[in-house]
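K.L.:
After the structure tokens below, expect a handful of questions from me.
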Amino acid sequence: MNNVGLFLFDDVELLGFAGPYEVFSVTSELSDYSLFRVFSVSEDGDTIRTVNGLKVVPDFAFDNHPEIDILIIPGGVGTKKEMDKSAIVEWIRWNHDRAKMTVSVCSGARILARMGLLDGLEITTHHEVFDEVRRIAPSVRLNPTARFIDNGRILTAG
Numbered sequence: 000m001n002n003v004g005l006f007l008f009d010d011v012e013l014l015g016f017a018g019p020y021e022v023f024s025v026t027s028e029l030s031d032y033s034l035f036r037v038f039s040v041s042e043d044g045d046t047i048r049t050v051n052g053l054k055v056v057p058d059f060a061f062d063n064h065p066e067i068d069i070l071i072i073p074g075g076v077g078t079k080k081e082m083d084k085s086a087i088v089e090w091i092r093w094n095h096d097r098a099k100m101t102v103s104v105c106s107g108a109r110i111l112a113r114m115g116l117l118d119g120l121e122i123t124t125h126h127e128v129f130d131e132v133r134r135i136a137p138s139v140r141l142n143p144t145a146r147f148i149d150n151g152r153i154l155t156a157g
């Protein structure tokens with residue numbers, strides 16, 4: 000079974016984590032055995048608010064979550080703040096280095112770009128952050144028509 004960890008933060012886009020949560024959960028429900036264990040993680044484990052105000056209580060905090068095999072970084076305007084927080088960057092890097100795959104959804108690519116994880120890769124992201132991602136990581140090759148791009152250990156979705 001693979002552990003899927005969804006990173007949650009204030010001003011996250013609801014669809015950016017709820018969509019992947021549902022996909023991985025339903026996949027396990029439709030098989031004869033559990034393929035994925037899906038859980039959410041925030042910095043301190045406290046309630047977060049999505050960009051439109053929905054309160055969500057994460058399953059874990061940075062200091063007590065299970066090992067993560069697939070790390071999901073959703074988008075939302077909150078990524079602007081999160082990408083400059085050293086604790087966030089260190090946690091993502093630590094988990095990325097150990098995970099089988101890191102996935103950014105929409106503007107979650109902002110964080111990975113700031114960290115240098117997308118340097119030299121072909122990626123996609125939400126069209127509203129194309130220019131910003133180009134400024135942050137000039138060596139990325141943005142594909143504006145792709146819905147997702149799989150680079151092996153890093154997958155980006157628009």
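Read in numbering that gives the first Met the number 0, the sequence shown has 123 at position 124, and its numbers run on one by one without any break. Ideal Cβ placement from N, Cα and C applies to all residues, glycine included.
Determine the burial state of ASN94: buried for a count of at least 16 other Cβ atoms within 10 Å of its Cβ, exposed for fewer.
P.N.:
Here residue 94 corresponds to residue number 95 of the sequence shown, with the count starting at 1. So ASN94 counts as buried.
K.L.:
What is the C-beta distance between GLY77 and ASP10, in whole angstroms, given that I count them as a contact (C-beta under 8 Å)?
P.N.:
As a first step, residue 77 is located in the sequence shown; it is residue number 78 there, counting from the start. As a first step, residue 10 is located in the sequence shown; it is residue number 11 there, counting from the start. Right, their Cβ atoms sit about 3 Å apart.
K.L.:
Along the alpha helix (DSSP H) that carries LEU70, what are the first and last residues, could you check?
P.N.:
To locate residue 70, count along the sequence shown from 1; it is residue 71. Per DSSP, LEU70 belongs to no alpha helix (DSSP H); it is in the beta strand (DSSP E), 69 to 72.
K.L.:
Note the first and the last residue of the continuous alpha helix (DSSP H) segment covering LEU111.
P.N.:
Mapped onto the sequence shown, residue 111 falls at position 112. Element bounds for LEU111: 108 to 113.
K.L.:
Buried or exposed, going by whether 16 or more other CB atoms sit within 10 Å of the CB of THR49?
P.N.:
Against the sequence shown, residue 49 aligns to sequence position 50. Buried: at least 16 other Cβ atoms inside 10 Å.
K.L.:
Taking the Cβ atom as the reference point for each residue, do SER41 and PHE8 lie within a distance shorter than 8 Å?
P.N.:
Taking the first residue of the sequence shown as position 1, residue 41 is located at position 42. Taking the first residue of the sequence shown as position 1, residue 8 is located at position 9. Against a cut-off of 8 Å, the Cβ pair of PHE8 and SER41 comes out as a contact.
K.L.:
List in chain order: all unbroken alpha helix (DSSP H) runs of 4+ residues lying wholly within the segment 33 to 77.
P.N.:
If we require 4 residues or more, the segment 33 to 77 turns out to have no alpha helix (DSSP H) run fully inside it.
K.L.:
Does the separation of the CB atoms of ILE67 and ASN150 fall below 8 Å?
P.N.:
For this step, residue 67 is matched to residue 68 along the sequence shown. For this step, residue 150 is matched to residue 151 along the sequence shown. Going by C-beta atoms, ILE67 is not nearer than 8 Å to ASN150.
K.L.:
Go ahead and pull the three-state DSSP assignment for SER138.
P.N.:
Translated into positions along the sequence shown, residue 138 becomes position 139. Reduced to three states, the DSSP call for SER138 is coil.
K.L.:
Alpha carbon to alpha carbon, how far is LEU13 from VAL22? Give it in angstroms, no decimals.
P.N.:
Against the sequence shown, residue 22 aligns to sequence position 23. Against the sequence shown, residue 13 aligns to sequence position 14. Distance between the alpha carbons of VAL22 and LEU13: 14 Å.
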